[in-house]
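Q:
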Amino acid sequence: MELNVSTASQGGHAVVTANGELDLYTAPRLQAALAALLRDQVDRIVVDLSGVEFCDSTGMNVLLAAMKRVKERGGVFELAAPRPAVRRILQVTGLDTVFSVTAAVPALDAG
Numbered sequence: 001m002e003l004n005v006s007t008a009s010q011g012g013h014a015v016v017t018a019n020g021e022l023d024l025y026t027a028p029r030l031q032a033a034l035a036a037l038l039r040d041q042v043d044r045i046v047v048d049l050s051g052v053e054f055c056d057s058t059g060m061n062v063l064l065a066a067m068k069r070v071k072e073r074g075g076v077f078e079l080a081a082p083r084p085a086v087r088r089i090l091q092v093t094g095l096d097t098v099f100s101v102t103a104a105v106p107a108l109d110a111g
């Protein structure tokens, strides 16, 4: 299964949308998108997980590393709309208390 990653950004805020399976083989694609946003000094990153059907430990590590880098410089990193399978992984690992998880994907500010 593939992983498609797209990014929309506006005024220092970005939404990264991932669709497919996030695993050892596809995680570098998400990592590259997040690294580009970090280089661009984006201060709020929301990762839309509504299209992610599976996420393994490699995928979680990519998300954790990006969150750490964003928070180190005072930014905000959120996971949005995880499917039940991904939400279960977050709960079982305790990462639901580490990540900021929202039920819906916030819209980019219109201003």
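Residue numbering for the sequence shown follows full-length UniProt numbering, starting at 1 and increasing by one per position.
C-beta: ideal position from N, C-alpha, C; glycine also.
A quick note: this is a predicted structure, and the numbers were derived from the prediction, not measured.
Determine the closest residue to residue 104 out of 79, 5 and 11, with distance taken between C-alpha atoms.
A: Stepping through the sequence shown from its first residue, residue 104 is reached at position 104. Cα-wise, what sits closest to residue 104 is 79.
Q: Can you give the Cα-Cα distance for residue 51 and residue 72, rounded to whole angstroms?
A: Position 51 of the sequence shown, counted from the start, is the residue given in the question as residue 51. Position 72 of the sequence shown, counted from the start, is the residue given in the question as residue 72. Spanning the two alpha carbons is a distance of roughly 28 Å.
Q: Would residue 99 pass as a contact of residue 77 if the rule is Cβ separation under 9 Å?
A: Within the sequence shown, residue 99 is the residue found at index 99, counting from 1. Within the sequence shown, residue 77 is the residue found at index 77, counting from 1. Yes, these two residues count as a Cβ contact at 9 Å.
Q: Going by DSSP in three states, residue 74 sits in which element: helix, strand or coil?
A: Position 74 of the sequence shown, counted from the first residue, corresponds to residue 74. Looking at residue 74 - three-state DSSP - the assignment turns out to be coil, as it is neither helix nor strand.
Q: Can you tell me which residues form a DSSP beta bridge with residue 6?
A: As a working note, residue 6 is residue 6 in the sequence shown. Per DSSP, 17.
Q: Please confirm whether residue 83 and residue 96 have their CB atoms less than 9 Å apart.
A: Walking along the sequence shown from the start, residue 83 turns up at place 83. Walking along the sequence shown from the start, residue 96 turns up at place 96. Contact flag unset, no.
Q: Are the beta-carbon atoms of residue 9 and residue 40 separated by less than 9 Å?
A: Sequence index remark: in the sequence shown, residue 9 carries index 9 (1-based). Sequence index remark: in the sequence shown, residue 40 carries index 40 (1-based). Their beta carbons are under 9 Å apart, which means residue 9 touches residue 40 by this criterion.
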